[in-house]
Amino acid sequence: MATYPEMILAAIAALGEKEGPNKSAIIKFIEATYSGSLGEGYTAEISDALEKLQDSGELQLVRSHFVKVEAVASPRRGRGRPKKPKSVPSPGSAAPRRGRPPKPKGSHAAAVKFAGGISRRRGRPRKKHRPAVAAAPPAGAKGREATAVTGVKRKRGRPRKVKPPADE
């Protein structure tokens, strides 16, 4: 024959109510299941066993319903995706470095030089410096006026519209 605490815990598990069964439901389940092996005064013994289970912390009374403590204290999951477990590195190996691994020393110099053997810089090449004074136009140019170019550079974009002087 099972002890009363075992009967009570089996009754709570078998009834499987969301909020937990009350005292009368537990007694009715035990009567139906263990009818032949119960002695006289079993209701008082079931009540005593319920109190002992409650005092020991195995059961908790919530609004006149008995609930197993594991169900009450189940840990709530946090929001979002759970974190990945960290792998423990072996004690002999160094910690992995962050970022991109460095390139080997010899490969950079070979990539900079090309077939001619002349080294080049990265990016767009610089403009060649031109002299500020332009050469005179060729003598055979007809129909065009020769304009003297001074050292003034033009600005970028569309040239400004020349306004005629206001006549009064």
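1 is the number of the first residue of the sequence shown in UniProt numbering; add one for each residue after it.
We put the CB at the ideal spot given by N, CA and C, even for glycine.
Classify residue 162 as helix, strand or coil using the three-state DSSP reduction. coil
Can you tell me which of the three DSSP states residue 119 falls into? strand
Assigned exposure category for residue 20 - 16 Cβ within 10 Å defines buried: buried
Runs of 3 residues minimum, wholly inside the UniProt domain "H15" (1-71): which ones carry the beta strand (DSSP E) assignment? 59-62 and 65-68
Distance between residue 3 and residue 37 (C-alpha atoms, nearest Å): 11 Å
Anyone know if the C-beta pair for residue 14 and residue 29 falls short of 8 Å? yes
Determine the contact status of residue 59 and residue 68, defining contact as a CB-CB distance below 8 Å. yes
Can you give me the C-alpha to C-alpha distance between residue 152 and residue 167, rounded to a whole angstrom? 30 Å
Quick check: what's the CA-CA separation for residue 6 versus residue 51? 14 Å
So the candidates are 9, 22 and 87; which of them puts its Cα closest to the Cα of residue 53? 9
Buried/exposed call for residue 95, threshold 16 Cβ in 10 Å: exposed
If contacts are defined as beta-carbon pairs under 8 Å, then residue 64 and residue 22 qualify, I think. What distance do you get, rounded to the angstrom? 6 Å
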